[in-house]
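Numbering (UniProt numbering), first residue to last: 1 to 1065. Glycine included, each C-beta is placed from N, C-alpha and C at the ideal position. The block underneath contains the structure these notes are about, expressed in structure tokens.
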């Protein structure tokens, strides 16, 4: 019976309700689960709920076989059909079931009625006299005769029995004057459940199959059997038997269902002032509900039948909770399988009846939303504030289960949940929220705390989570403690499956927590919670100037003053333990100027910034005084010296309470800070009135050339003509094209030992303005002091700043002194933009031309090519000017000159003729044979480029006919003709980079040279005659010297004469 599967208890009066929802009892061949609970009280006899067991539902069945005996069925098949009838009757051999048999074709034969079946000692003998009728198939008329004749009391039919008709046929009806629509409503009205068994291949036809649907009860798929032949009838015997058994004990006429046979009362339980309420999850086909058992009255069934909502298989009553609002009872029921997502519903009493007040549904399929409920009165005013709803099967990738925090709706408003609680990550199958309970106020903050079970965490070892109540009222979104089952015993399984809290079972005044696990129940005790209050005081309350202002002779380690600390320990949670029982070890750590590299004060006891104490104390006050030293000259006397106190508290075991240890409250403050300020020099009224002033200049700079000057230095001077200034800040306002780089100390700073400025920049608004603020760091800007420093800003080469740079400086302080005209200074600096444009002559220009006397009146095409580049970092409008010599002493030089640009053929350049500036051109030519616009009449071309882009290259071509006739005026054989290209722009806005001005101008030269033409005939004739005369003279001279005589014979004879004597020896 699973006694104790659900438990409920109350203290006024003390009662315990223990339920076993799986109590079962047999009704015939069916086994029903109805549930049973026992109400236990010290002064009363045990009461059983429900008081008596549920009676078995009636199981009487009247079954009629209507068999097809038409001629389409062979005698062998008819015999098989009769064997099937015999087998089914044999399966229901019991007094509560009786049969009747009728055969039909175009004729009808009632073989035996219910009365005859009941009177026969061996009913199977009634089948022996059945013979086949043959004929047509009048199925509809046969059904009419069954309804009007067999299911009548005159033939033994019972009024309270379930009526079942089993029709066996092999084909469509034929020759029947009635249609099914004429007889089926009659059968429905009589409450007859009809099964249709179609035999053979005829039912492959759609119309035949429709006949089976018309005959069978709805839903037709549950009441139709189709087999291929009569021999296969034996295969459906058990299926038919199971379907008939399934409808036993029901009162519906067309389908199988349950009312209270599977109710499982006591699956959940809760006490109310009007009696206990038991959840009945299995009632009405597991739609669910709950029973309330008022004293000395019949029970009341609570469900959602009046809400016209499909609650089938919803398990309403899986969990139950009572919620009170200003004395009005509200019942909360969980239905975790509603529409597969789950639901929680609130019921309230209206005119003595429970009616649905509000509901909220789950969001994830299969989450089991509503499997657990918990009613929480957070602020302890007697009214429920929150309903916690568990969804233990809610799935996320890293954790499983969640609990929704849902405020109790006021009145008939819509119910909603405003927060969700989760367990730790890493447990996707943790089932967080499987159990919920109210624990009470365990941390002493006067707010109710709750515990949530997660029995599936750590591979089903389980865990429980403690969540504290919060103002709102609400529940803290993060848990304050997690207790894993593995911490208590490695053998624990499903720790946290059940929870019960809020009772003091150990008699120590502290609430305890009972936790269920597989086969075990564990009692967890809450610990006494302590609270510590801390106070810190200094004497004197501020450091006198005489102690920290540096003199020429500095005295180290002088006494600064004293610091007194007090810690008061008290218990926060209510308990029955005495003040002397609660002992704890208190460790106190003190630190001066924590976070600073060098402390400005030390403890006399330790000679450093730190000091510690360890004391064992009860519920009492602990105080101590420490002497402070000032070790060196203090540089920062603006920021107060800080003293940090942090402590740890470890409870001592209490032997009288099984070594229970007190603990410090989880939300207790453990760190405390106190400040010791420095005395200010602000006169008798203690109000510092400074008188600040500021000015600056740009040393050595008259005009800022953007793109060339990459830095801008501002020499700043700040002074104070009043009392000490605190938190002095210099703020520069400048355009976005400037960015702060650094500051450098200027000349000697008067009373300041050293200057340290900390600066940072930030944009202001959407106007492109930035501010750079520089704070005099850790220093007091003394009265009468003056500082000078150099502030350096980077200038963006691409910045667009207009025609002048406006820089504003302002000096302010924390003294809140009214501003004067001295605190703001503004200076405007003219500026230009650096550009780098280059003009160059192209190599493919015409370099050389020559001519003779005969060609003086001719001309030749000459081309001068130029290339112009923008090598700077900004676009600008430019003009390209070309000077071409076209006339010398009224004689044409270069004719029909045109300017073109290949990249932009549509470019039109203006031209202007310029007269010759020099009258005596021959003097210039003789000194330097160059013809340019300084001595010749010229044509000036101007090409305007509206936007010369960065890294853009432009090509220009000067092309015309260069004549030769003018050269004779120069009395020179070689003369150079020069054209010039020059780049111009608005010099009030732009300026070429310093040192690069020469590249803005280029020139191209073409050399003209005159040559003379000579007659070669006289030279050739003279040369020929002279050559012949020379040859004759050479020949005569050779003859004279005998060069032409034959001397060969004489040479041979002389040679032979020399050889003969040699042979004779």
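Throw me the rounded Cβ distance for the residue 453 and residue 434 pair, which I believe falls under 8 Å.
-> Rounded, the Cβ-Cβ distance is 5 Å, consistent with contact.
Could you tell me the boundaries of the beta strand (DSSP E) in which residue 839 lies?
-> DSSP places residue 839 in the uninterrupted beta strand (DSSP E) bounded by 837 to 841.
Which value, in whole angstroms, describes the spacing of the CA atoms of residue 897 and residue 999?
-> Cα to Cα, residue 897 sits roughly 25 Å from residue 999.
The region 832 to 844 / the region 896 to 913 touching (three or more Cβ pairs under 8 Å) | The answer is no - the region 896 to 913 does not touch the region 832 to 844, with fewer than three Cβ pairs under 8 Å.
Rounded C-alpha distance that separates residue 209 from residue 197 | Distance between the alpha carbons of residue 209 and residue 197 is about 11 Å.
Can you tell me the Cβ-Cβ gap for residue 743 and residue 791, rounded? I've got them flagged as a contact below 8 Å.
-> Residue 743 to residue 791, Cβ: 5 Å. Contact.
Any idea what DSSP makes of residue 16, helix, strand or coil?
-> Three-state DSSP puts residue 16 in a strand.
Just how far apart, CA to CA, sit residue 445 and residue 335?
-> The straight-line gap separating the alpha-carbon atoms of residue 445 and residue 335 is approximately 34 Å.
Just how far apart, CA to CA, sit residue 893 and residue 920?
-> Cα-Cα distance, rounded: 17 Å.
Apart from the five residues just before and just after residue 348, which ones in its own chain have a Cβ nearer than 6 Å to its Cβ?
-> Once the five neighbours on either side are set aside, the close Cβ partners of residue 348 are 330 and 357.
Residue 814, DSSP secondary structure in three states = Here residue 814 sits in coil by DSSP.
Minimum length 4: unbroken alpha helix (DSSP H) runs contained in the region 875 to 940 = The DSSP assignment places 921 to 927 as complete runs of the alpha helix (DSSP H) inside the region 875 to 940, in order along the chain (cut-off: 4 residues).
Return the first residue and the last residue of the alpha helix (DSSP H) that residue 184 is part of.
-> That run of the alpha helix (DSSP H) goes 180 to 189.
Status (buried if at least 16 other CB within 10 Å, exposed otherwise) for residue 350 = Looking at its Cβ environment, which holds fewer than 16 other Cβ atoms inside 10 Å, residue 350 is exposed.
N- and C-terminal bounds of the alpha helix (DSSP H) containing residue 85 = Segment 75 to 91, the alpha helix (DSSP H) holding residue 85.
Is the region 647 to 658 in contact with the region 577 to 596, if contact means three or more CB pairs nearer than 8 Å?
-> Yes, the region 647 to 658 is in contact with the region 577 to 596.
Same chain, Cβ closer than 8 Å to residue 711, neighbours up to 5 away in sequence not counted = 741, 792, 793, 794 and 795.
Rounded straight-line distance, which links the Cα of residue 745 to that of residue 699 | Using only the alpha carbons, I get a separation of about 15 Å.
Straight-line gap, residue 989 to residue 831 (C-alpha atoms, nearest Å) | Cα to Cα, the separation comes out at about 8 Å.
Could I get the ranges of all uninterrupted beta strand (DSSP E) runs contained in the region 525 to 598, with 3 residues as the minimum, in chain order?
-> Within the region 525 to 598, the complete beta strand (DSSP E) runs of at least 3 residues are 529 to 539, 558 to 571 and 584 to 592.
What span of residues does the alpha helix (DSSP H) with residue 214 cover, start to end?
-> Residues 206 to 215.
Residue 735: first and last residue of the uninterrupted beta strand (DSSP E) it sits in = That run of the beta strand (DSSP E) goes 729 to 735.
Going by C-alpha distance, which of 611, 492, 787 and 663 is nearest residue 571?
-> The candidate whose alpha carbon is nearest that of residue 571 is 663.
How long is the line joining the alpha carbons of residue 206 and residue 78, rounded to whole angstroms?
-> So the two alpha carbons sit approximately 25 Å from each other.
Leaving out five residues on either side along the sequence, give the residues of the same chain with a beta carbon under 6 Å from the beta carbon of residue 659.
-> Within the same chain, residue 659 has close Cβ partners 653.
Per DSSP, what kind of secondary structure is residue 7 in: helix, strand or coil?
-> Under the three-state reduction of DSSP, residue 7 is assigned to strand.
Which residue's Cα is closest to the Cα of residue 284: 299, 488 and 304?
-> It is 304.
With DSSP as the reference, label residue 253 as helix, strand or coil.
-> No answer about residue 253 holds up, because its pLDDT of 34 lies below 50 and its placement is not dependable.
Do the CB positions of residue 785 and residue 720 come within less than 7 Å of each other?
-> Against a cut-off of 7 Å, the Cβ pair of residue 720 and residue 785 comes out as a contact.
Coarse secondary structure for residue 1039, derived from DSSP in three states | Reduced to three states, the DSSP call for residue 1039 is helix.
Between the region 856 to 872 and the region 729 to 737, do at least 3 Cβ pairs fall closer than 8 Å?
-> These segments do not touch.
Cα-Cα separation between residue 980 and residue 900, rounded to whole angstroms = CA-CA distance, residue 980 to residue 900, rounds to 15 Å.
Using the Cα positions of residue 637 and residue 678, report the straight-line distance between them to the nearest angstrom.
-> Approximately 6 Å between the Cα atoms of the pair.
Apart from the five residues just before and just after residue 627, which ones in its own chain have a Cβ nearer than 7 Å to its Cβ?
-> Excluding positions up to five away in sequence, the list reads 559, 562 and 604.
Nearest residue (CA-CA) to residue 324, options 19, 708 and 381 | Just measuring C-alpha positions, the residue of 19, 708 and 381 sitting nearest residue 324 is 381.
If you pair each beta-carbon of the region 384 to 399 with each one of the region 473 to 482, do three or more pairs fall below 8 Å?
-> When C-beta atoms of the region 384 to 399 are compared with those of the region 473 to 482, three or more pairs fall below 8 Å, so the two segments count as touching.
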